[in-house]
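Residue numbers (the working numbering), protein chains in the order written: chain A, 409 to 760; chain B, 409 to 760; chain C, 409 to 760; chain D, 409 to 760. The beta-carbon is built from N, C-alpha and C at its ideal position, and this holds for glycine as well.
4 protein chains.
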Amino acid sequence: MAKRSSIKASEEELKAYFADLAAQNLWPLWTLNQSKEPKSKAVPYIWHWRDLRPLAMRAAELVGTKEAERRVLVLSNPGTQWGAANTLFANIQVVLPGEVVRSHRHTNGALRFIIEGKIGYTVVDGQRYPMVPGDLVITPSWCWHDHANESDVPILWLDSLDAPLVRLLEVGFREDYPDEIQPPGEGNDNSQARYSSGGLRPAWEPAPSTPHTPMCRYPLEQAKAALDRLAAAEAGSPYDGIILEYTNPITGGPVMPTIGCYIQLLRPGEHTECHRHTSCVCYHVVEGSGYTMIDGQRLDWEEKDVFSVPAWAFHEHVNSSDRPAIVFSVTDIPVKRALGYYREQSSPSGRQ
Amino acid sequence: MAKRSSIKASEEELKAYFADLAAQNLWPLWTLNQSKEPKSKAVPYIWHWRDLRPLAMRAAELVGTKEAERRVLVLSNPGTQWGAANTLFANIQVVLPGEVVRSHRHTNGALRFIIEGKIGYTVVDGQRYPMVPGDLVITPSWCWHDHANESDVPILWLDSLDAPLVRLLEVGFREDYPDEIQPPGEGNDNSQARYSSGGLRPAWEPAPSTPHTPMCRYPLEQAKAALDRLAAAEAGSPYDGIILEYTNPITGGPVMPTIGCYIQLLRPGEHTECHRHTSCVCYHVVEGSGYTMIDGQRLDWEEKDVFSVPAWAFHEHVNSSDRPAIVFSVTDIPVKRALGYYREQSSPSGRQ
Amino acid sequence: MAKRSSIKASEEELKAYFADLAAQNLWPLWTLNQSKEPKSKAVPYIWHWRDLRPLAMRAAELVGTKEAERRVLVLSNPGTQWGAANTLFANIQVVLPGEVVRSHRHTNGALRFIIEGKIGYTVVDGQRYPMVPGDLVITPSWCWHDHANESDVPILWLDSLDAPLVRLLEVGFREDYPDEIQPPGEGNDNSQARYSSGGLRPAWEPAPSTPHTPMCRYPLEQAKAALDRLAAAEAGSPYDGIILEYTNPITGGPVMPTIGCYIQLLRPGEHTECHRHTSCVCYHVVEGSGYTMIDGQRLDWEEKDVFSVPAWAFHEHVNSSDRPAIVFSVTDIPVKRALGYYREQSSPSGRQ
Amino acid sequence: MAKRSSIKASEEELKAYFADLAAQNLWPLWTLNQSKEPKSKAVPYIWHWRDLRPLAMRAAELVGTKEAERRVLVLSNPGTQWGAANTLFANIQVVLPGEVVRSHRHTNGALRFIIEGKIGYTVVDGQRYPMVPGDLVITPSWCWHDHANESDVPILWLDSLDAPLVRLLEVGFREDYPDEIQPPGEGNDNSQARYSSGGLRPAWEPAPSTPHTPMCRYPLEQAKAALDRLAAAEAGSPYDGIILEYTNPITGGPVMPTIGCYIQLLRPGEHTECHRHTSCVCYHVVEGSGYTMIDGQRLDWEEKDVFSVPAWAFHEHVNSSDRPAIVFSVTDIPVKRALGYYREQSSPSGRQ
């Protein structure tokens, strides 16, 4: 049995000592209260589309592209006053008919999920991708990208980035493209033709070796078809119903090293089991309505709403309607996995 | 300058010495004539369907399933008298209406490409896969597999295995299943639903970690759609036109560690460039007609023919018809790549 | 040329609008000032051993193991008031003769570099490692570990952890071992015997597949011998002289997924080139003296000092003495690399 | 229950049918007798140094370097009349004082284990490696290599190559260097200095990414020290005693993709358990004496003997002397593993 020594220094002694430490830019670790498990500074929160849309449209009235190259509203978690989640932005951007969003690049990996509009495009490193509602469009770290709205109605999208992570890790670079937009390339992007058939791949090129997906656009139609096929045949995840990860078709890994993208189908009436994990998640409701219980708090959601589940918060989903709910989400699972920090736990006490 | 010594031993001395060596199970390496590049023992060869089909059907008249559990004709390369290529079998198998091919497993990795028939199935480790013409069905190394023809017409398929490689490497095991067939599982295989959407994958399970594809059936329809999409947009390979590799959707790698499977589209009139590589290839014509030049020899091919291109033989393909040709092929590229033996060369003198 | 619209909303309108946004937990991204490159909140700073040692020894007078299970002084960067660097702690711990530091585990990956003392030990998941000055001892994430001082003099060590990263990412778990210390295992650790010969590895076991090194102790003697061998033969790095990374002998990768450990030799009079990178570094001087220029600031260092170089700060090292300087360092390079955030740049204007 | 049809075709009918098949270069798979497990064509065999050495020296009397650039005796397995094992050569080469072996390269991966001599060197792609008895020297696939004996006594070495595998797979290329030898480089190789410390690696260069080890020489002294350290502390393998694999220090993998190299220590009196695996092995006795039981056959070995254990042959080793036996060996384990063909089995009936 090891000896546990106790020394009863006086409060004055300790106070003087701590002051000496501070004078040398030191502090005593043993005075730090260390908890047994993480508690995110972010809180469960939901932003309703009924509030978001008018405010986004109002931005379009108040600021032009000269004032705001990117007319983006940051969904700010009340717990952090920064992004929607600890490592993730999940913002709303609006682009008016005829507007062009000038080309730049940055360390931040980014993605768009198109909520509303007719037709626009994003150019990523010279490849031109169309954008229609339901599309997931990826603009990976340090790739040039510009956007345009070529229709006669506004385009609104969910604009998610790993910007809070980049800020925490102090690695943010950004650069403007020499010209306003990237020059027209050889035509529209062809990655859908190349990679959208699972288990088939062009053999005339070596597999692309970028750290991110070479297929920067994932249409909703294909995802919904896959969800429907699987919903007819499988139970899926106890915590998420039928849930698909958008993957890099070359490696099977996540679309970017810092953000995982998912789409899930909750069957009418489905009430999932409760769990938690060390990744934060931002959800965007594509179709349907229901609610999510997060650490005892109920967030009711409808189409196009956005809500945030903090890391290590228990959560369970309920589709309270009589038609399938389709929910898109972004997480930092790839970060937590790469660093050995991912952990998951079923609720020992069942549903909330 | 190093000295090059010459010693003029008499022929008798050398003869006696070589005999002494032989007596000790030794031989002198310097008497071996070593060539500068490989020369396969296999030769370019084609088996025409017009010959293969009647002989396969004749087998069905002459031997029952008691005599020949697997009624398979081995396409035997005239240069080796063994398989169609140095490391690959590309055989023809026939299964009559109502017949069942009993379950077994073996070291050999195998695949079927269905040529003719209505409907059958293959069970692979308890998963039941339908088989219709054009399907590629994989039965990986050491997986239990049985087949059945549930229709009223014969099924014929190309039956390709790495059996010659297994024989060269002396690693062949085989085992019969305790029962005739594997018990009915929980229903039909679901891997198409799970993995056939490129860039989307079920997130409720960890990615399967088998050394082979978890999707054991690849329907022709999907491959043709992908070929057509790409033919409309890209030039493809100078040597192979629009060519797709069937891949393991989890890793992006080959379907098995020892056999690579490909399907290609040659446009009407297309005449590819000439090249060679250290992998042997067996081709099976799915649709169309044309010819292939192999080391100066012309092989004219039509639908359902099978032909063999030896390793390091120059070859170029010609679609001499006015409609697209679709050609399936198997190679040992994964073997050559894994061992660092893959090498490729354009013909320095252009087409043959 | 795309149109750049300008809308001159009044200040009142904007103010009211921003208030509306805030009421909905939103803020306008375009008001954020985004810099072109990262600027760490941490600043260049040095803690001298002449200050650290007395304060550490004073802790041993004022608090016992009952008050402070781990008697650790946190080196607190003046820019952040937290750890020595943005993602890293580089603390000083003191253990008195006969003291035992009770067993626990935590998400934090940790390491010790022994500065002073005779002999102690660390037990990591049941393996007992001796600790003498110069040793690098690794206690990876979520491995049980306890320490003891079995000599008659205090042991002091550099105690480095990824704790600030764990805090930023909100993934910290901790747990006390059921007993005071881990039970005596089958004897002393044998990983030095197993893995310390480069290019040789026990073949009777599969290679360990932990995400961290299976060799938890790296003695200084071996590192110095390697540094001396290389210093006699090679120029080494223009920025760091002869510098070695401590690696996982099984994979060649870093010792832990979140911390890279290095040891370097600067020749007498050596003045390295100037560069910067997106990783922060904490240095500990093992032997010798010199100075480091960091973004124009000169930090003079002597034996046992600890200093911090923030991410993306230009730095160059000078050994101003007439004997070799040996410097140990920890970085978050593995984190930045895993996430695709690592970037390095030579100073375009040469030395500072 | 599936129907098993039997068709009693007459012998004449079948004979005629088989002739028809042969005429079309086909044969009936069902007539092939397929065994349940592999049976190597190679047989257990030993070549004694007392026989090998005089015959090697006799070669030096009978043929000069003009007649035999490489004076190599092929150890020819009586079962195959080709190399010592199915996929491996294990030959004996002799180089006389002052002789130079001209530079060339080939697909074959090769290695030397120096048996006798004073000092020579091998140049591999411009790097000069000394060669003294006990050294393992690697000349990987397609690397230029030349040798010289710079001493006043002959050098003899074990010369092992994957040449039989290259022949089976029909991938052999070879090329002579434009000059007699490679030009003197910048001095002696430095890979020992760089990589021989386990868990430490130069950080000023990216890790070499060749498919083979960047450290082409492994001295015996280091291996013996590691064997002794481990023999003092661990039981080792039940089948092989204390056995180390020579590894690529960058990846922890085998030294070449086609050959695994091992060195083992059998304690005085040690009698290992019996097992078999799908890899063939060639052993070379460095020190000591004993015997090996292989499928019931006893091969007694002494210093410098070479013996061959075929794939899937049961074998167990006995050190029948009173001092440690040190045995070097080469296998094709990396080939069998890469292709998914490696399998291992303990003898169910114990020792032979």
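query	result
Using three-state DSSP, classify residue 731 of chain D as helix, strand or coil.	coil
With a threshold of 16 other CB atoms inside 10 Å of the CB of residue 440 of chain C, please say whether the residue is buried or exposed.	exposed
Given this structure, state the Cα-to-Cα distance separating residue 539 of chain A from residue 432 of chain A, to the nearest angstrom.	56 Å
Could you check the C-alpha separation between residue 409 of chain A and residue 544 of chain C for me, to the nearest Å?	Its pLDDT being 46, under 50, residue 409 of chain A is placed unreliably in this model, and the value from its coordinates should be taken loosely. Those two C-alpha atoms are separated by around 27 Å.
Tell me whether the beta-carbon of residue 498 of chain B lies closer than 8 Å to the beta-carbon of residue 714 of chain B.	yes
Apart from the five residues on each side of it in sequence, which residues of its chain come closer than 8 Å, Cβ to Cβ, to residue 708 of chain A?	454, 697, 698 and 699
Please list the partners that residue 598 of chain A has in chain B, where partner means a Cβ-to-Cβ separation under 7 Å.	641 and 642
Along the stretch 660 to 686 of chain A, what residues have a CB closer than 7 Å to any CB found in chain G?	Within the model displayed, chain G is absent; protein chains A, B, C and D are what it includes.
Considering Cα atoms alone, identify which of D:448, D:471, D:425 and D:582 is closest to residue 518 of chain D.	D:582
Hey, is residue 612 of chain B's beta-carbon within less than 8 Å of any beta-carbon in chain A?	yes
With a threshold of 8 Å on Cβ separation, who are the neighbours of residue 547 of chain A within its own chain once the five nearest residues in sequence on each side are excluded?	517, 518, 519, 520, 530, 532, 553 and 624
Locate the alpha helix (DSSP H) running through residue 711 of chain C, then write down its first and last residues.	No alpha helix (DSSP H) contains residue 711 of chain C, which DSSP labels as neither H nor E.
Check whether the stretch 470 to 480 of chain A and the stretch 726 to 734 of chain A touch, using three or more Cβ-Cβ pairs below 8 Å as the test.	no
Roughly how many whole angstroms lie between the Cα atoms of residue 375 of chain B and residue 510 of chain D?	What is shown of chain B runs 409 to 760, which leaves residue 375 of chain B out entirely.
Whose C-alpha, out of A:591, A:634, A:412 and A:603, is nearest the C-alpha of residue 611 of chain B?	A:634
Would you call residue 561 of chain B buried or exposed, if buried means 16 or more other Cβ atoms sit within 10 Å of its Cβ?	exposed
Output the boundary residues of the alpha helix (DSSP H) element that contains residue 457 of chain C.	457 to 470
Have a look at residue 575 of chain C and residue 513 of chain A and give me their C-alpha separation to the nearest angstrom.	29 Å
If you check the beta carbons only, do residue 598 of chain D and residue 642 of chain C fall under 8 Å apart?	yes
For chain A, check one thing: does any of its Cβ atoms lie closer than 8 Å to the Cβ of residue 580 of chain B?	no
Enumerate in chain order the residues of its own chain whose CB-to-CB distance from residue 491 of chain C is below 6 Å, with the five nearest sequence positions on each side excluded.	497 and 572
Determine, using beta carbons only, whether residue 628 of chain C comes closer than 8 Å to chain D.	no
Measure the Cβ-Cβ separation of residue 412 of chain B and residue 488 of chain D and say whether it is below 8 Å.	no
What residues in the stretch 471 to 488 of chain C bring their beta carbon closer than 9 Å to a beta carbon of chain A?	471, 472, 473, 474, 475, 476, 477, 478, 479, 480, 481, 482, 483, 484, 485 and 486
Examine chain A for any beta-carbon lying closer than 8 Å to the beta-carbon of residue 557 of chain C, and answer yes or no.	no
Which whole runs of the alpha helix (DSSP H) in the stretch 539 to 583 of chain D are 4 residues long or more, in chain order?	571 to 577
Could you work out which residue in D:447, D:703, D:508 and D:570 is closest to residue 579 of chain D when comparing CA atoms only?	D:570
With 16 other CB atoms within 10 Å as the buried threshold, where does residue 730 of chain B fall?	exposed
According to the neighbour-count rule (16 or more other Cβ atoms, all chains shown, within 10 Å of its Cβ), is residue 542 of chain B buried or exposed?	buried
If you drop the 5 nearest sequence neighbours on each side, which residues of the same chain put their C-beta closer than 8 Å to that of residue 476 of chain B?	467
What is the residue span of the alpha helix (DSSP H) that residue 745 of chain A lies within?	741 to 746
Are there 16 or more other CB atoms within 10 angstroms of the CB of residue 706 of chain D, so buried, or fewer, so exposed?	exposed
Could you pull out every unbroken alpha helix (DSSP H) segment of at least 4 residues lying fully inside the stretch 591 to 657 of chain B, listed in chain order?	599 to 603 and 628 to 639
Is there contact here, the stretch 655 to 669 of chain C with the stretch 417 to 428 of chain D, by at least three beta-carbon pairs under 8 Å?	no
Counting only beta-carbon separations shorter than 8 Å, does residue 700 of chain A have a partner in chain C?	no
Considering only the alpha carbon of each residue, which of A:457, A:618, A:686 and A:525 lies closest to residue 657 of chain A?	A:618
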